[in-house]
Amino acid sequence: MTLDETADLLRTIRAICPAQAQDEFTPEAWNLVLDDIAMPDAMAAVRRIARSTDTKPLWIDPRQILNEVRRVRTARLDATPTSGAPTDPAAYCQWLKATRQHIASGNATQSPALDHASDAQKGPSDATAARVRAHRREQLKKALKTAAR
249 MTLDETADLL RTIRAICPAQ AQDEFTPEAW NLVLDDIAMP DAMAAVRRIA
299 RSTDTKPLWI DPRQILNEVR RVRTARLDAT PTSGAPTDPA AYCQWLKATR
349 QHIASGNATQ SPALDHASDA QKGPSDATAA RVRAHRREQL KKALKTAAR
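Using the working numbering, the first residue of the sequence shown is number 249, and each one after it goes up by one.
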């Protein structure tokens, strides 16, 4: 996020939280914390924070925005299936990094296309499928334990 975008974000926050103190140095200070966050993600985070059901007076600080952006990015990654990974380990590492960045940034509804069409047609290995099933079983067990409490 640029300094101008940070100033725009703070104007929005000032409109939502009129009692929150800001001065001429606030945009620079907040930009030190939020410079690696995309403006649309930051605005979405402010919206989610402002719409929370908390009954306390609303104050928004940059840490709340960072935490909310992390939650949103993690939710995007969890909700988007990744498939068609290359079988070559080096290509897989590059593909995984690019795919996760693309999904987390909110720019993808599907995994990015791969250069190697033959690898893209292959399904996950038996070991990978077994790990996924085991992970899902563990998640289900945890959810059931939590629900039983």
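C-beta: ideal position from N, C-alpha, C; glycine also.
Proximity to residue i [Cα-Cα], best of the options
i      : options                        : result
Ile322 : Ala352, Val294, Thr303, Thr394 : A small correction: the amino acid at residue 322 is Thr; Ile does not occupy that position in the sequence shown. Minimum Cα distance to Thr322 is reached at Ala352.
Val320 : Asp256, Thr303, Gly354         : Gly354
Pro310 : Met291, Thr303, Thr328, Lys304 : Met291
Pro305 : Pro266, Arg385, Pro337, Ala382 : Pro266
Phe273 : Asp284, Asp252, Ala298, Lys393 : Asp252
Pro329 : Arg299, His350, Ala391, Ala375 : His350
Ile285 : Arg318, Ala277, Ala396, Arg299 : Arg318
Ala377 : Lys393, Ser331, Ala395         : Ser331
Ala298 : Thr335, Arg262, Leu392         : Arg262
Rounded Cβ spacing between residue i and residue j (contact assumed at less than 8 Å)
i      : j      : result
Ala401 : Ile313 : The chain is shown only over 249 to 397; residue 401 falls outside these bounds and no answer can be derived.
Cβ-Cβ distance between residue i and residue j below 9 Å
i      : j      : result
Leu344 : Ala333 : yes
Pro275 : Thr301 : no
Thr250 : Asn279 : yes
Arg348 : Glu316 : no
Ile268 : Trp307 : In the sequence as displayed, the identity of residue 268 is Gln instead of Ile. Closer than 9 Å, so yes.
Met287 : Leu258 : no
Cutoff 9 Å: residue i Cβ touching any chain D Cβ
i      : result
Trp307 : Here chain D cannot be found, since the structure has a single protein chain.
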